[in-house]
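Below you'll find the structure, written out as structure tokens, and then a few comments.
Numbering (my numbering), first residue to last: 22 to 262.
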């Protein structure tokens, strides 16, 4: 076979070997990062318009009694449950949870992982604040707010920081256990809590649905990026003599 025909074949083999060496979790994390960033950019275009889209308005009104935008569907007890759920994505709960985990890791002598958790959650909070200030989308006025909020609407800080915090802690717990069932359970709980917190923001009328979707997108992307960095660092750090 001539050298002219061998070159494309060698290139194909090298490319195949490269993709063959990529582990599935790393590939999945890369896909989530790319998908999250793409989704955020698309939703950013929605948030830039002065008038909300039909998706935002229809879903927001679907969670209110027909003809009564001040009354959410369901009983007062349901409203109280949703308020409790939304608190799981509040600054106070997430800061307390993160601090407890960081102190535990420091007491256990796992200072590298403690720094990782602190940087992942703290960096996510800084990013969330900068995005809110930069985009400055007003809160929905289509329905009444069932709780008081003063910051900008896009992206949802509760949705984003729930994704960052719970996914970071869920992936940490999944890493330290060997049982596959437990790994799946930890990640499932992290995603479930993130989904419930985001949905609660729309029910309470303090966010457009696109705000929550954008928060999920950038939150998942940030959490996966931090996970990839931590994985690379732990894999390449020098072993003690």
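Glycine included, each C-beta is placed from N, C-alpha and C at the ideal position.
- In the DSSP assignment, residue 179 falls within the unbroken alpha helix (DSSP H) covering 178-197.
- Of the candidates 78, 243 and 56, 243 places its Cα closest to the Cα of residue 188.
- When the alpha-carbon of residue 222 is set against those of 57, 107, 67 and 198, the nearest one is in 107.
- The criterion of a C-beta distance shorter than 8 Å is satisfied by residue 224 and residue 103.
- Where residue 70 is concerned, there is no enclosing beta strand (DSSP E), because DSSP gives it neither an H nor an E.
- A buried status is given to residue 228, since no fewer than 16 other beta-carbon atoms sit within 10 Å of its beta-carbon.
- By the Cβ rule, the stretch 182-200 counts as touching the stretch 122-142, because three or more pairs are nearer than 8 Å.
- Per DSSP, residue 149 is one residue of the alpha helix (DSSP H) stretching across 132-156.
- When beta bridges are read from the DSSP output, residue 86 appears opposite 89.
- With contacts defined as CB atoms closer than 8 Å, residue 77 and residue 230 qualify as a contacting pair.
- By the 16-neighbour rule on beta-carbons within 10 angstroms, residue 134 is buried.
- If the five residues before and after residue 241 are omitted, its C-beta is found closer than 6 Å to the C-beta atoms of 53, 57 and 184, all from its own chain and listed in chain order.
- Around the C-beta of residue 95, fewer than 16 other C-beta atoms lie within 10 Å, and the residue is accordingly described as exposed.
- Contact annotation: residue 236 and residue 181 have beta-carbon atoms nearer than 8 Å.
- Boundaries for residue 94: no alpha helix (DSSP H) harbours it, and the DSSP string shows neither H nor E there.
- A straight line joining the alpha-carbon of residue 159 with that of residue 173 spans about 6 Å.
- Looking only at 69, 179, 99 and 101, the smallest Cα-Cα distance to residue 145 is reached by 179.
- When the five nearest sequence neighbours on each side are left out, the beta carbons in the same chain lying within less than 7 Å of the beta carbon of residue 86 are those of 92 and 94, in order along the chain.
- In this structure, residue 148 and residue 82 do not form a Cβ contact; the two beta carbons are roughly 31 Å apart against a cut-off of 8 Å.
- When secondary structure is reduced to three states using DSSP, residue 175 falls in the coil class, being assigned neither helix nor strand.
- In the structure shown, residue 110 adopts coil according to DSSP, grouped into three states.
- DSSP places residue 165 in no alpha helix (DSSP H); its state is neither H nor E.
- The continuous stretches of alpha helix (DSSP H) do not include residue 226, and DSSP gives it neither H nor E.
- In the structure shown, residue 129 adopts coil according to DSSP, grouped into three states.
- A residue is called buried once 16 or more other Cβ atoms fall within 10 Å of its Cβ, and residue 153 is buried on that count.
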